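Working notes, beginning with the structure itself.
2 protein chains.
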Amino acid sequence: MKNKLLVIGTMAYDAIETPFDKVDRILGGAATYIALATSKFDIDCGLVSVIGDDFEASDLQLLKDLDVDVTGVEQIKGEKSFFWSGKYHDNMNTRTTVDTQLNVLENFTPNVPESYRNAEVMMIGNLHPGVQLTALKQMNGKPKFVVLDTMNFWMDHFRSTLDEVISKVDLITINDEEARQLSEEHSLVKAAEKIHAMGPKYVIIKKGEHGAILFGEGKTFIAPAFPIDQVIDPTGAGDSFAGGISGVLANTDTINFETLKMGIIYGSVLASFTVEEFGVNALLAVTSDSIKDRIEKFRELTRFEWNEKQNKI
Amino acid sequence: MKNKLLVIGTMAYDAIETPFDKVDRILGGAATYIALATSKFDIDCGLVSVIGDDFEASDLQLLKDLDVDVTGVEQIKGEKSFFWSGKYHDNMNTRTTVDTQLNVLENFTPNVPESYRNAEVMMIGNLHPGVQLTALKQMNGKPKFVVLDTMNFWMDHFRSTLDEVISKVDLITINDEEARQLSEEHSLVKAAEKIHAMGPKYVIIKKGEHGAILFGEGKTFIAPAFPIDQVIDPTGAGDSFAGGISGVLANTDTINFETLKMGIIYGSVLASFTVEEFGVNALLAVTSDSIKDRIEKFRELTRFEWNEKQNKI
């Protein structure tokens, strides 16, 4: 029996402009990237999301072909899918949202299919905290491990609901500025301590091209981003990262600090592929061998031997 | 016989304001931090710099007590020492220069003492490229290994002289934005390739709280910054880092990619101590045991084991 992973999040169409190129409408959304990333693992992944009747059958088929269960993806007639348009600036690390059309997301009430209410691992993507809470409450008791993604907008406007969600999860993944906002601490070490006290046993702080930091069990692990010759489109990097983490967690029976470290490594590697092409193209194409090859390189990138005798000072 | 390290750079007084505290006049300057960092190693370090007659005898004595040779530090009568005043903002990663008084630096002509013209390793701190070149030309032929620090200001205004200096060194240490400016490449991987072609076999890109990347011999090594509970004063972090690198390089007979990796680790650890107090205080106080302890922790921070069988996907 494969372990079950339930992913809840957005499915969307994106318009993206970078210094190199521009696309008007390509498949996007957090849950899409997360599910595609987790399809690299030997697990049973179910998706909960909402789409409009403009959503291409071929895009849904793409997920089905990878054995992603889309029973929980509700298609609303007469409405349009969530649409996001963004522009990346020269450094590719900052972007401007040009347009956000919530469309079907506006009245989204998640409905977790019966068959995934006992999922071992639940990945709650970046959504309104009320929606996140509704999905969490539909589960048969608390899943073995719950991962939460969120962002500054929800901290600004729905803090108390967000706090309730945070109190119920095992791992939160946020970026450095969001960690500082959530904790009101500048030092990330102190920020993580405060966030632990809010509920999550593990905190992963995402720093984009600068990598990620894992805090938990009184330990810290720091991983760089895998260095890329040329970033073409950063969209979906964070979601591929979350997908890699969720995939590793669902693919194991024991979840601990070491498992989470491996999650970060897989997540970083999957994200490094994602950014090498527009949209989901590179993530779709990546093979098990190319992932393994990059993990091996990743290890060499950060490894050093410390021998007191050799390196006497 | 100990190996010789020649350090050329500024000695200064700093006024520093942070969100936590403020000091009006404390010992600073790149060469000061570099020399204090290298004093942790079993090498023979000589300093070339310039100071005014306002420079406290006790500050010079502090270096002498640590066996730093200050024969090459010229004291100019009737003039004041280099003075820098800066203010750090909330995030401690950006600062504003409030005041720069070049004073003795304005007409600085370095004079490398005869006894250090055969130094194995030369650390050329951030100075006018013309001054850097003069010092380099005073050496008895090319030293075994030359490290260069520079900054965007010299790239803007003295590019051709800077290019000449860069063509003569083995390692350049610059931050990510400077690497991009120097190479006109956004990708740091591509930037390093271009900079290699300009001369330096090794390139270290400093990213402050996000760590550092070493490129050379077709290999890459990425190290995070050592995470600190509370940064009190970032002044001198980059120079302590450069001091750690120079110290490791001068303390060994074989300089290669592995040595440079250890240089980055020592440099990062020394920088992590420096930022924990104002000015040079923490760097002065650090012991060999506390350095070793932090290096051991550093290794645990970044280490992961990748076993294909355990982590099958």
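Chains as they are written, first to last, in our numbering: chain A, 12 to 324; chain B, 12 to 324.
Even glycine gets a Cβ: it sits at the ideal position worked out from N, Cα and C.
None of these values were measured; they are calculated from a predicted model.
Of all Cβ atoms in chain B, is any one closer than 8 Å to the Cβ of residue i?
| i | result |
| --- | --- |
| P235 (chain A) | yes |
| P238 (chain A) | yes |
| W95 (chain A) | no |
| F268 (chain A) | no |
| L193 (chain A) | no |
| F156 (chain A) | no |
| V200 (chain A) | yes |
| E228 (chain A) | no |
| R106 (chain A) | no |
Would you report the Cα separation of residue i and residue j, rounded to the nearest angstrom?
| i | j | result |
| --- | --- | --- |
| T298 (chain B) | V291 (chain B) | 14 Å |
| K303 (chain A) | N267 (chain A) | 22 Å |
| M12 (chain A) | S126 (chain A) | 14 Å |
| A146 (chain B) | P238 (chain B) | 36 Å |
| I135 (chain A) | E175 (chain A) | 14 Å |
| L265 (chain B) | D78 (chain B) | Before going on, a small fix: residue 265 (chain B) reads as Thr here, not Leu. Computed Cα separation, rounded: 24 Å. |
| Q254 (chain A) | F119 (chain B) | It is worth fixing the name first, because residue 254 (chain A) is Gly in this sequence and not Gln. Cα to Cα, G254 (chain A) sits roughly 57 Å from F119 (chain B). |
| P124 (chain B) | H207 (chain B) | 31 Å |
| M273 (chain A) | L159 (chain A) | 18 Å |
| N163 (chain A) | Q192 (chain A) | 8 Å |
| L294 (chain B) | L47 (chain B) | 7 Å |
| N14 (chain B) | N129 (chain B) | 10 Å |
| F66 (chain A) | L73 (chain A) | 12 Å |
| A261 (chain A) | A236 (chain A) | 23 Å |
| F31 (chain A) | M103 (chain A) | 11 Å |
| A296 (chain A) | D76 (chain A) | 14 Å |
| G229 (chain B) | A223 (chain B) | 17 Å |
| I177 (chain A) | Y213 (chain A) | 11 Å |
| K155 (chain B) | K205 (chain A) | 49 Å |
| G39 (chain B) | K33 (chain B) | 14 Å |
| K217 (chain A) | C56 (chain A) | 24 Å |
| S92 (chain B) | V84 (chain B) | 12 Å |
Considering only the alpha carbon of each residue, which of the options lies closest to residue i?
| i | options | result |
| --- | --- | --- |
| I54 (chain B) | B:G258, B:K75, B:P30, B:D32 | B:G258 |
| Y99 (chain A) | A:V286, A:E316, A:T313 | A:V286 |
| V280 (chain A) | A:D300, A:E196, A:F252 | A:F252 |
| N122 (chain B) | B:V142, B:K179, B:N137, B:N104 | B:V142 |
| I276 (chain B) | B:R314, B:T265, B:D240, B:A234 | B:A234 |
| P140 (chain B) | B:S69, B:N118, B:E117, B:S171 | B:S171 |
| A23 (chain A) | A:I45, A:F94, A:F169 | A:F94 |
| W317 (chain B) | A:I306, A:T313, A:S178, A:F315 | A:I306 |
| G219 (chain B) | B:N186, B:K308, B:G20 | B:N186 |
| L16 (chain B) | B:E67, B:V132, B:I62, B:F66 | B:V132 |
| A330 (chain A) | A:F52, A:V115, A:G20 | Summary: the structure shown does not reach residue 330 (chain A), with chain A confined to residues 12 through 324, and so no result is reported for it. |
| G249 (chain A) | A:G227, A:H221, A:N151 | A:H221 |
| I256 (chain B) | B:D244, B:G278, B:C56, B:P245 | B:G278 |
| R106 (chain A) | A:S96, A:N114, A:F156, A:V115 | A:S96 |
Output yes if chain A places a C-beta closer than 8 Å to the C-beta of residue i; else output no.
| i | result |
| --- | --- |
| D101 (chain B) | yes |
| K218 (chain B) | yes |
| T265 (chain B) | no |
| T231 (chain B) | yes |
| L58 (chain B) | no |
| V61 (chain B) | no |
| T29 (chain B) | no |
| H207 (chain B) | no |
| T49 (chain B) | no |
| T313 (chain B) | yes |
| H221 (chain B) | yes |
| W165 (chain B) | no |
| I87 (chain B) | no |
| R305 (chain B) | no |
| Q241 (chain B) | yes |
| R170 (chain B) | no |
Can residue i be considered in contact with the ligand ADP, in the sense that its beta carbon sits closer than 7 Å to one or more heavy atoms?
| i | result |
| --- | --- |
| Y44 (chain A) | This structure lacks the ligand ADP; in fact it carries no ligand of any kind. |
By a C-beta neighbour count over all protein chains shown, 10 Å radius and 16 as the cutoff for buried, is residue i buried or exposed?
| i | result |
| --- | --- |
| K88 (chain A) | exposed |
| T231 (chain A) | buried |
| T49 (chain B) | buried |
| E195 (chain A) | exposed |
| F284 (chain A) | buried |
| T263 (chain B) | buried |
| R314 (chain A) | exposed |
| E188 (chain B) | exposed |
| S69 (chain B) | exposed |
| D181 (chain A) | buried |
| V109 (chain A) | exposed |
Inset, instruction - Compile a chain-ordered list of the residues in the region 273–301 of chain A whose CB is closer than 8 Å to at least one CB of chain B. - result: Residues M273, I276, Y277, S299.
Legend entry - Interface positions of the region 121–150 of chain A facing chain B (Cβ-Cβ less than 8 Å), listed along the chain: none
Inset, instruction - Could you run through the region 179–193 of chain B and flag, in chain order, every residue whose CB is less than 7 Å away from some CB of chain A? - result: none
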